[in-house]
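Which chain is which? The protein sequence lines are A and B, in order. Using our numbering, read the first sequence as starting at 1 and increasing by one per residue. Using our numbering, read the second sequence as starting at 268 and increasing by one per residue. First up is the structure itself, then whatever we jot down about it.
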Amino acid sequence: MIRDITIGQYYPADSILHRLDPRVKLAGTIIYIISLFMFHNYYGYILAVIFLFSMIQISKVPMKFIVKGLKAIIPLLLFAVIFNLFLTPGTLVFQLGFIKITEEGIKTTVFMGIRLVFLILGSSLMTFTTTPNHLTDGLERLMGPLRKIKVPVHEISMMMSIALRFIPILMEETDKIMKAQMARGADFESGGLIKRARSLIPLLVPLFVSAFRRANDLAMAMEARCYRGGEGRTKMKPLKYRTRDMLAYLVLIIYVAAIFLLNSYIA
Amino acid sequence: MSSIIVDQLNYVYSPGTAYEKHALKDINLVINDGEYIGLIGHTGSGKSTLIQHLNGLIKATAGTIYYNGEDIYDKNYNMKGLRSKVGLVFQYPEHQLFETTVYKDVSFGPKNLGLEQLEIDLRTYEAVKMVGLGDDILDASPFELSGGQKRRVAIAGVLAMKPEVLILDEPTAGLDPKGRDEILEQIAKLHRDSKITIILVSHSMEDVAKYADRLIVMNKGGIVYNGMPHEVFVHYKELEKIGLAAPQVTYVMNELNNMGFSVNPSVTTVEEATEEVVRALSQTYTSRRKIKND
């Protein structure tokens, strides 16, 4: 049940995408997401689909695993889609009582759906191929210049890496507490909305208690090892660009160029 | 006659992914009514996975389990009923406490069974008493109690369901020796007085040797040994190879035997060992006197 949520997980495999510098992957993901919102026609999406699927192929992460991550966003997706479909004003296509569907509505809905799905797929591909540690290392380096305007870059990235590190731990904990309460006859699946919400109390209270306990322990352990923030801290394995990273940047530049071409020449 | 029969049980974690793990391999097992079973194995040997199958929290990939002759994977099987009959106390059970008072927390299980208020009260008081706590803590917040008390409250929460089989996953982990002995004594008492079947998962060979009628040793998802404690601990050299050991007395007795004392090396508890040594000594003494007198 809870193990089915794959968003934000790391999938160990041996591929060039896994070995790339996290900065390249971060930049690539950001560019990819921006590109999704720049297209005005369907050709652009064909390009985005081809790009993403070839990346997935290269990453050696099984397609099944990636698609599973989409399951978690289905409610959100439906929500966005339904609102767009019914509430966009424009040329009427179909009407039933107060429900109106317009041409513009259909178009926005399709675009919105594709954008959301590929946004999730693109960003989860990054987390699938990058360990949390690498990811925050990359973020810290990318945000480095912000330090000049007094942004606590190291602290932010430390918080992020701890948060990411705790996701699997808390998921496991949730699973365990859930089972323990089920062993005492708790029922998380049946009943109406209110009953279901109430049934979460035996799960959430212990989960919060344990999260606080873990946070406390971790803070203590960090202090015991004299952690004092980022000032003067060095890395055991500093990030270094290699040839493959430069090649990856080149691929990204080609992708961006292709987008501009598509957007300006094919209307 | 209630019993658990495990038939060709297999379980695979996250099949089809990089995290795939064959956690249980062809497990066959019979657990009879009223037995006290010690389940031992190295971390990751599949003990916890196995016990979660026994009350239906995990569904097997292949194979099946019969409880009192009924297939628990049958479509019409009452899973909630099974969970009340096979009580499972997880490791560090105090981490599941959530209510504002001890009373409310312990009565959570019976309440879920849909019992009448009177019966709920009765079972709650009884369960709290069974784990050796006084009535005065019923209104306390479970979060104010000491570690050992919290653990007892959590165990009481499972006992209040009146299980026929009680499974405990390392109930003494992280407790001091006194707390450990008290909990184990209470479990033994439960087994004696209420005749419930006990399955105790433990890392302590001394504990299982002292209390269990039968030992099940697991390694890498399979059962390696299944027998009386003294039968199992004969294989202490093999047990060491899979990251386990025998009780310390087994080593002492084997050593004594090697040194020429004729003691029975298959005893498993300190009491039995003491008797053996006394017997062996008196034997030596009498035989020596005989030689002198002759």
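Backbone N, C-alpha and C fix where the C-beta goes; we use that ideal spot for every residue, glycine too.
- Relative to F357 (chain B), the option among A:R228, A:Q181 and A:R225 whose CA is nearest is A:Q181.
- A straight-line Cα-Cα distance of about 15 Å links I294 (chain B) and I307 (chain B).
- For L276 (chain B), there is no enclosing alpha helix (DSSP H); the residue is part of the beta strand (DSSP E) that begins and ends at I271 to Y280.
- Per DSSP, the unbroken alpha helix (DSSP H) holding L78 (chain A) starts and ends at I74 to L87.
- With a threshold of 8 Å between beta carbons, F500 (chain B) makes no contact with chain A.
- In this structure, the straight-line span from the alpha carbon of V61 (chain A) to that of L203 (chain A) is close to 32 Å.
- Per DSSP, Q95 (chain A) is one residue of the beta strand (DSSP E) stretching across L92 to L96.
- Less than 8 Å separates the beta-carbon of G415 (chain B) from that of L442 (chain B).
- DSSP lists B:I304 as the beta-bridge partner residues of R481 (chain B).
- An exposed status is given to L193 (chain A), since fewer than 16 other beta-carbon atoms sit within 10 Å of its beta-carbon.
- With contact defined as three or more Cβ pairs closer than 8 Å, the segment 385-404 of chain B and the segment 412-427 of chain B are in contact.
- In the three-state reduction of the DSSP assignment, K235 (chain A) falls in the coil class.
- Non-local beta-carbon contacts of R147 (chain A) in its own chain, meaning distances under 6 Å to residues more than five positions away in sequence, involve V153 in chain order.
- For H502 (chain B), the three-state secondary structure derived from DSSP is coil.
- With its beta carbon less than 8 Å from one in chain B, V205 (chain A) belongs to the interface.
- The three-state secondary structure of V432 (chain B), taken from DSSP, is strand.
- Taking every protein chain shown into account, the CB of P206 (chain A) has 16 or more other CB atoms within 10 angstroms, so this residue is buried.
- Cβ-Cβ distances below 8 Å link V519 (chain B) to A540 in the same chain, with the five nearest sequence neighbours on each side left out; the list follows chain order.
- Between R390 (chain B) and A427 (chain B), the beta carbon gap of about 5 Å places them in contact (Cβ cut-off 8 Å).
- The Cβ-Cβ distance between I16 (chain A) and I58 (chain A) falls below 8 Å.
- Between S315 (chain B) and D436 (chain B), the C-beta gap is smaller than 8 Å, which places the two residues in contact.
- The contact set of I177 (chain A) on chain B, defined by CB atoms closer than 8 Å, consists of H362 and Q363 in chain order.
- By the rule that beta-carbons nearer than 8 Å mark a contact, V369 (chain B) does not touch chain A.
- Taking P89 (chain A) as reference, the option from A:L262, A:T109 and A:S264 with the minimal CA-CA separation is A:T109.
- Of B:A327, B:L467 and B:Y344, the smallest CA-CA separation from N335 (chain B) is found for B:Y344.
- Contact annotation, S157 (chain A) with E140 (chain A): C-beta distance approximately 4 Å; criterion of less than 8 Å satisfied.
- According to the DSSP assignment, V491 (chain B) belongs to the beta strand (DSSP E) that extends over G489 to G494.
- Between V369 (chain B) and P430 (chain B), the gap from beta carbon to beta carbon reaches 8 Å or more.
- At least one CB of chain A lies nearer than 8 Å to the CB of L380 (chain B).
- The beta carbon of I16 (chain A) does not come within 8 Å of any beta carbon belonging to chain B, so the residue lies off that interface.
- Restricting attention to B:D372, B:H309 and B:L355, the CA atom closest to the CA of I509 (chain B) is found in B:H309.
- Judged by their CB atoms, G354 (chain B) and I466 (chain B) are not nearer to each other than the 8 Å cut-off.
- Taking 7 Å as the cut-off between beta carbons, none of the residues of the segment 289-312 of chain B comes near chain A.
- Spanning the alpha carbons of G494 (chain B) and M160 (chain A) requires a straight line of approximately 51 Å.
- In the three-state reduction of the DSSP assignment, H18 (chain A) falls in the helix class, which pools H, G and I.
- Interface with chain A (8 Å Cβ-Cβ cutoff): N525 (chain B) is excluded.
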